[in-house]
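Here the structure is laid out as structure tokens; the discussion comes afterwards.
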Amino acid sequence: MSILKIARMGHPVLLIPAKPVEDATAPDVQRLISDMAETLDDAGGVGLAAPQVFSSLRLFLYLVPASRAEGGAEMPLTVVINPVVTPLGEDIELGWEGCLSIPGLRAAIPRFQRIRLTATGADGAPIDKELSGFEARVVQHEADHLDGVLYTMRMHDFRYFGFNEETTRHELPLPKVKLKT
Ligand code: NI
117 MSILKIARMG
127 HPVLLIPAKP
137 VEDATAPDVQ
147 RLISDMAETL
157 DDAGGVGLAA
167 PQVFSSLRLF
177 LYLVPASRAE
187 GGAEMPLTVV
197 INPVVTPLGE
207 DIELGWEGCL
217 SIPGLRAAIP
227 RFQRIRLTAT
237 GADGAPIDKE
247 LSGFEARVVQ
257 HEADHLDGVL
267 YTMRMHDFRY
277 FGFNEETTRH
287 ELPLPKVKLK
297 T
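Mapping of the sequence shown onto this note's numbering: residues 117 to 297, in sequence order.
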């Protein structure tokens with residue numbers, strides 16, 4: 117295993133639509149997953165997409181920390197390959213997001229509250245589940261990376277964009293209004 121370099125905003129690899137993974141269980145894919153898991157753990161984030169480590173493949177990893185889990189228990193690392201995200205309903209909410217490719221900053225981004233995720237897991241088995249809240253948000257953020265989209269491209273209001281230290285110290289209440297994306 118090794119810790120990989122993370123591409124930062126401005127590098128073109130973050131803007132390229134990624135290619136589908138042909139064989140989830142292939143040794144090179146499994147090695148990439150292991151390296152991404154180590155990289156995410158080292159960086160202390162909640163999600164990492166393959167294009168962020170210079171591999172333009174439709175694959176990402178995410179977790180839900182205990183502090184954000186609905187039941188209060190941490191959801192361990194989930195590997196998502198070739199995802200398809202379908203919104204469930206039209207409810208959209210603003211929530212704060214950061215990105216390992218945009219260190220030190222965060223912004224309030226509109227996302228669907230509920231989604232369906234269909235994909236392939238690290239073992240090659242199908243994933244088909246309905247997600248809501250923080251988990252749905254993380255999956256939408258990571259899936260965007262596979263299409264060359266960063267959260268900055270989805271910003272609703274630039275007033276809710278700033279440095280982590282400042283935005284957490286002076287947290288602005290986010291509007292509850294329904295938004296159209
Ligand atoms: Ni990101």
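A virtual CB, placed ideally from N, CA and C, is assigned to each residue, including glycine.
Treat the numbers as computed from the prediction; the structure is a model and nothing was measured.
- Following the DSSP letters along the chain, one finds G211 in no alpha helix (DSSP H) but inside the beta strand (DSSP E) bounded by residues 208-213.
- E213 counts as buried, since at least 16 other C-beta atoms from the protein chains shown sit within 10 angstroms of its C-beta.
- Scanning its chain for C-beta atoms nearer than 6 Å, with the 5 sequence neighbours on each side dropped, one finds around A140 the residues I197, T236, G240, in chain order.
- Beta-bridge analysis with DSSP links D244 to T234.
- Under the 10 Å beta carbon count, H286 is surrounded by fewer than 16 other beta carbons and is classified as exposed.
- Annotation: the continuous beta strand (DSSP E) that includes L175 extends over 175-180.
- Nearest C-alpha to D263 among P199, E206, P219, L290: P199.
- In the structure shown, the three-state DSSP call for F274 is helix.
- Under the 8 Å Cβ criterion, the region 242-250 does not count as touching the region 141-154, having fewer than three qualifying pairs.
- Comparing alpha carbon positions, the residue from L177, D157, T202, P219 closest to R124 is P219.
- Cβ atoms of L120 and T155 come within 8 Å of each other, at about 5 Å.
- Under the three-state reduction of DSSP output, F250 falls in the helix class.
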